[in-house]
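Asks: In the working numbering, the protein residues as written are 864 to 1131. Handing you a structure now.
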């Protein structure tokens, strides 16, 4: 079902040996994790799409184009050693392959999955928020889809945002200068690395009032941010934060031991 010729050797071995990859995924969005639970207390059900980040699958595919300059690959919450690809990561590999190699079918499944989680939100009396880049940085505003299967009266290919104009989408991004529809809210994700500063400068030139999220290991900085109402750990619903503010996130997982220079250490 999946072409393995351009995959990294260890990924190819997984895909060719695991029966999981003999079929397509049945669902794409995740609604049960710590991030979504925090959002429910604010009246939102959050559905997140998790893919395999950066160029983990293939040198021909990089779905986090700024990750190398930002220095966030080694500390990414998805990453693990080559011998530690558990069931969650294998599922993400399959979703990424499905998006890459069966794009129209992937987008059709994404439509059905958003409809599924919308029904779930309705039953719980919650509003729906969808985050498509849980562990990726794809320009979804440029991911066009064939709308024919959905009987949409349109002569052009639409994006997922056109299909769900009243749904709130949001993401973090390290890609500067993006122009997105009104129902897609972006928070620019910073990095303290010197190599990343031209990218940050480009974003601030594009939009001087950009909302900026940064990660720190400095407990004092975190305490100050929390006292000022600027902690990003209270919830993940960044579209509720005003534009032009700096949101402080605590380093998690491998990022707690970051030596790449990605984490900020100074005053917020």
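All C-beta atoms, glycine included, are put in the ideal place defined by N, C-alpha and C. On a predicted model such as this, the values are computed, not experimentally measured, just so you know.
Thinking just about the alpha-carbon of each residue, which of 1100, 1102, 1053, 1009 is nearest to the one in residue 1078?
Replies: In the chain shown, the residue the question calls residue 1078 occupies position 215. The shortest Cα separation from residue 1078 among 1100, 1102, 1053, 1009 belongs to 1053.
Asks: Starting from residue 968, trace the alpha helix (DSSP H) in both directions and tell me its first and last residue.
Replies: Position 105 of the chain shown, counting from 1, holds the residue named residue 968. 966-987 is the extent of the alpha helix (DSSP H) around residue 968.
Asks: Per DSSP, residue 1119 is paired with what?
Replies: Position 256 of the chain shown holds residue 1119. Paired residues: none, contrary to the question.
Asks: With a CB to CB cut of under 8 Å and the five nearest residues on each side skipped, what residues in its chain are close to residue 917?
Replies: Taking the chain shown and counting its residues from 1, the one referred to as residue 917 is at position 54. The residues are 925, 926, 927, 930, 931, 936, 939.
Asks: Have a look at residue 1086 and residue 1113 and give me their C-alpha separation to the nearest angstrom.
Replies: Locating residue 1086 in the chain shown gives position 223, counting from the first residue. Locating residue 1113 in the chain shown gives position 250, counting from the first residue. Each residue's alpha carbon lies about 10 Å from the other.
Asks: Can you give the Cα-Cα distance for residue 1107 and residue 1025, rounded to whole angstroms?
Replies: Reading the chain shown from its first residue, position 244 is the one you call residue 1107. Reading the chain shown from its first residue, position 162 is the one you call residue 1025. If I take the Cα positions, the gap works out to 27 Å.
Asks: For the putative contact between residue 902 and residue 1034, defined by C-beta atoms under 8 Å, what is the C-beta separation to the nearest angstrom?
Replies: On the chain shown, residue 902 is found 39 positions in, with the first residue counted as 1. On the chain shown, residue 1034 is found 171 positions in, with the first residue counted as 1. Not confirmed; about 14 Å, so no contact.
Asks: Does chain B have any CB closer than 9 Å to the CB of residue 912?
Replies: Within the model displayed, chain B is absent; a lone protein chain is all it includes.
Asks: How big is the Cα-Cα spacing for residue 1141 and residue 892?
Replies: Beyond the ends of the chain as shown, which are 864 and 1131, falls residue 1141; an answer cannot be given.
Asks: Can you check the region 1034-1097 for any beta strand (DSSP E) of at least 3 residues that lies completely inside it and give the ranges in chain order?
Replies: Listed in chain order, they are 1047-1052, 1075-1079.
Asks: Mark residue 1082 as exposed unless 16 or more other C-beta atoms lie within 10 angstroms of its C-beta, in which case mark it buried.
Replies: For the purposes of this step, residue 1082 is identified with residue 219 of the chain shown, where counting begins at 1. That one is exposed.
Asks: Nearest-angstrom Cα distance between residue 1057 and residue 908?
Replies: Along the chain shown, one-based indexing puts residue 1057 at 194. Along the chain shown, one-based indexing puts residue 908 at 45. Cα to Cα, the separation comes out at about 37 Å.
Asks: Rounding to the nearest angstrom, what Cα-Cα distance links residue 946 and residue 880 in this structure?
Replies: By 1-based counting over the chain shown, the position of residue 946 is 83. By 1-based counting over the chain shown, the position of residue 880 is 17. For residue 946, the predicted model reports a pLDDT of 36, less than 50, meaning its position is unreliable and no value from the coordinates is stated.
Asks: I need the boundaries of the alpha helix (DSSP H) containing residue 878, first residue and last residue.
Replies: What you label residue 878 is simply residue 15 of the chain shown in a count that begins at 1. Run containing residue 878: 872-880, per the alpha helix (DSSP H) assignment.
Asks: For residue 955 and residue 915, I'd like the C-alpha separation in whole angstroms.
Replies: Counting from 1 along the chain shown, the entry for residue 955 is found at position 92. Counting from 1 along the chain shown, the entry for residue 915 is found at position 52. One C-alpha to the other measures close to 5 Å.
Asks: Any idea which residues DSSP pairs residue 1031 with across the strands?
Replies: Here the question's residue 1031 lines up with position 168 in the chain shown. Paired residue(s): 992.
Asks: Considering just the uninterrupted stretch of the alpha helix (DSSP H) at residue 911, what are its terminal residues?
Replies: For the purposes of this step, residue 911 is identified with residue 48 of the chain shown, where counting begins at 1. First-last for residue 911: 907-912, but that is the beta strand (DSSP E), not the alpha helix (DSSP H).
Asks: Could you work out which residue in 1066, 1048, 1032 is closest to residue 1040 when comparing CA atoms only?
Replies: In the chain shown, the residue the question calls residue 1040 occupies position 177. When only C-alpha atoms are compared, the closest one is 1066.
Asks: Nearest CA to the CA of residue 911: which residue from 1004, 998, 1060?
Replies: Along the chain shown, read from residue 1 onward, the residue named residue 911 stands at position 48. Minimum Cα distance to residue 911 is reached at 998.
Asks: Our contact map puts residue 1004 next to residue 980 with C-beta atoms below 8 Å; I'd like the distance itself, whole angstroms only.
Replies: Translated into positions along the chain shown, residue 1004 becomes position 141. Translated into positions along the chain shown, residue 980 becomes position 117. The Cβ separation is near 21 Å, so there is no contact.
Asks: Mapping the DSSP letters down to three states, classify residue 1001 as helix, strand or coil.
Replies: Your numbering for residue 1001 matches position 138 in the chain shown. Correct three-state label for residue 1001: coil.
Asks: Ends of the alpha helix (DSSP H) at residue 1100?
Replies: Here residue 1100 refers to the residue found at position 237 when the chain shown is read from its first residue. Where residue 1100 is concerned, there is no enclosing alpha helix (DSSP H), given that its DSSP letter is neither H nor E.
Asks: Can you tell me the Cα-Cα spacing of residue 985 and residue 1069, whole angstroms?
Replies: Counted from its first residue, the chain shown places residue 985 at position 122. Counted from its first residue, the chain shown places residue 1069 at position 206. Taking the straight line from one Cα to the other gives about 37 Å.
Asks: Three-state secondary structure (DSSP) at residue 946?
Replies: By one-based count along the chain shown, residue 946 stands at place 83. A caution first: residue 946 carries a pLDDT of 36, below 50, which makes its placement in the model too unreliable to give a value.
Asks: Along the chain, where does the beta strand (DSSP E) that runs through residue 1109 open and close?
Replies: On the chain shown, residue 1109 is found 246 positions in, with the first residue counted as 1. Unbroken beta strand (DSSP E) run through residue 1109: 1109-1113.
Asks: Please confirm whether residue 991 and residue 964 have their CB atoms less than 9 Å apart.
Replies: The count along the chain shown starts at 1 and reaches residue 991 at position 128. The count along the chain shown starts at 1 and reaches residue 964 at position 101. In this structure, residue 964 does not lie closer than 9 Å to residue 991 by Cβ.
Asks: In the DSSP assignment, what are the bridge partners of residue 1127?
Replies: Counting from 1 along the chain shown, the entry for residue 1127 is found at position 264. Answer is 1079.
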